[in-house]
Amino acid sequence: MFSENVSFALGLTLFAGLSTGIGSALAFFAKKTNTRFLSISLGFSAGVMIYVSFMEIMNKAKTALQADLGNIVGTWVAVGAFFGGILFIALIDKLVPSYENPHEMHRVEEMNENDPFAGKSKKKLLRMGMMSALAIGIHNFPEGLATFTAALKDPHLGVAIAVAIAIHNIPEGIAVSVPIYYATGSKKKAFAYSFLSGIAEPVGALVGYVLLMPFMSDTVFGVIFAGVAGIMVFISFDELLPAAEEYGEHHLSIYGLIAGMVVMAISLLLFL
598 MFSENVSFAL
608 GLTLFAGLST
618 GIGSALAFFA
628 KKTNTRFLSI
638 SLGFSAGVMI
648 YVSFMEIMNK
658 AKTALQADLG
668 NIVGTWVAVG
678 AFFGGILFIA
688 LIDKLVPSYE
698 NPHEMHRVEE
708 MNENDPFAGK
718 SKKKLLRMGM
728 MSALAIGIHN
738 FPEGLATFTA
748 ALKDPHLGVA
758 IAVAIAIHNI
768 PEGIAVSVPI
778 YYATGSKKKA
788 FAYSFLSGIA
798 EPVGALVGYV
808 LLMPFMSDTV
818 FGVIFAGVAG
828 IMVFISFDEL
838 LPAAEEYGEH
848 HLSIYGLIAG
858 MVVMAISLLL
868 FL
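Residue numbers for the sequence shown follow the working numbering, so the first one is 598 and each next one is one higher.
This is how it looks when you write it as structure tokens:
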């Protein structure tokens with residue numbers, strides 16, 4: 598049905614996922630974290646995701662479902678799928694190993710400190726990094742499906758979502774690489790685990806494609822798309838905005854949020 602866009606959609610998903618590697622590289626080569634920039638960027642990413650979820654993705658999902666199921670039933674199914682997506686990602690959050698908070702923010706300055714994890718055994722520290730990589734990899738799985746599905750249906754929409762997810766993957770790359778570096782002393786291992794956690798994104802896209810495409814219809818597409826909107830809204834409120842505030846001032850994250858909405862709105866208007 599959307600086969601001509603498959604390569605492009607997969608490429609976008611790969612780009613978004615491997616942005617964890619950018620975060621890892623920043624941790625190794627930058628001397629200081631630009632917290633103001635990260636705060637605005639994460640807020641921007643949240644703004645893009647929230648706006649596009651409510652104004653575009655939910656609209657497309659509802660239209661597709663109404664075409665198959667009628668106006669009333671289609672609307673109810675769209676709303677149910679939206680909250681189903683939120684429940685799905687919330688359950689992943691609950692079930693993912695929580696030995697350490699996988700979304701705890703780290704800064705590149707930690708690479709230049711003697712040992713920011715003094716008092717923790719190397720074994721415990723390695724476990725922290727591995728659990729962070731596992732948790733982030735599991736989170737990246739549905740994000741990959743979200744980017745891929747959006748790009749199949751609407752390439753311009755896919756680009757916007759891929760960029761937003763790529764921005765939010767950068768600090769996750771730092772979160773994985775910093776503790777693993779201090780546990781092993783190897784930048785190569787730290788980068789490798791950070792890189793692998795990002796690979797889950799295109800893997801999620803491919804698994805979704807293989808499992809769902811043979812059954813794709815307006816109803817299946819609408820349910821997936823509405824669920825994707827719920828996933829992205831949850832990620833924005835649960836991860837992006839708290840991280841943006843932790844890295845910088847409250848107002849900077851909100852300015853970024855509004856800027857993301859404005860840019861997304863203008864982008865959608867230009868492609869009408």
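Ideal Cβ positions, reconstructed from N, Cα and C, are used throughout, including at glycine. Here the structure is a predicted model, which is why all the values come from computation and not from measurement.
Check                                                                                                                        : Outcome
Cα-Cα separation, Gly827 to His848                                                                                           : 25 Å
Validate contact between the region 659-678 and the region 855-863 using beta carbons, cut 8 Å, 3 pairs                      : no
Candidates Ile758, Ala687, Ile762 and Ala772: closest to Arg724 by CA position                                               : Ala772
Rounded C-alpha distance that separates Thr744 from Tyr778                                                                   : 30 Å
Ser791 - DSSP class collapsed to helix/strand/coil                                                                           : helix
C-beta atoms of Ser794 and Met646 nearer than 7 Å                                                                            : no
Whole-Å CB distance - Met861 paired with Ala757, under 8 Å assumed                                                           : 6 Å
Beta-carbon contacts of Ala664 that lie in its chain and below 7 Å, excluding the five residues immediately before and after : Asp815
Beta-carbon separation (whole angstroms), Ala841 vs Ser650, contact threshold 8 Å                                            : Their Cβ separation, rounded to whole angstroms, is 17 Å, which puts Ala841 and Ser650 out of contact at 8 Å.
Residues of its chain near Lys750, where Cβ-Cβ distance is below 6 Å and the 5 sequence neighbours each way are ignored      : none
Chain-order list of residues whose beta-carbon lies under 7 Å from that of Ala761 (same chain, five-residue window excluded) : Ser642, Val645 and Met646
Same chain only: Cβ atoms within 8 Å of Phe605, ignoring 5 sequence neighbours per side                                      : Ala748, Pro752 and Gly755
Classification of Leu838 by the beta-carbon crowding that lies within 10 angstroms, buried from 16 upward                    : buried
For Glu697, the three-state DSSP class (helix, strand or coil)                                                               : Below a pLDDT of 50, predicted positions are generally treated as unreliable, and Glu697, at 49, falls in that range; the measurement from the model is reported next regardless. It is coil, neither helix nor strand.
Classification of Val670 by the beta-carbon crowding that lies within 10 angstroms, buried from 16 upward                    : exposed
Distance CB(Glu769)-CB(Thr610) smaller than 7 Å                                                                              : no
Leu615 in three-state terms, based on DSSP                                                                                   : coil
Outcome for Ser774 when other beta-carbon atoms lying within 10 angstroms are tallied against a minimum of 16                : buried
Classification of Val825 by the beta-carbon crowding that lies within 10 angstroms, buried from 16 upward                    : buried
N-terminal and C-terminal residue of the alpha helix (DSSP H) that Leu692 is part of                                         : Asn668 to Leu692
Per-residue burial, Val807 [other beta carbons within 10 Å of its own, 16 or more giving buried]                             : exposed
Three-state secondary structure (DSSP) of Glu842                                                                             : helix
Span of the alpha helix (DSSP H), counted from its first residue to its last, around Leu754                                  : Pro752 to Thr781
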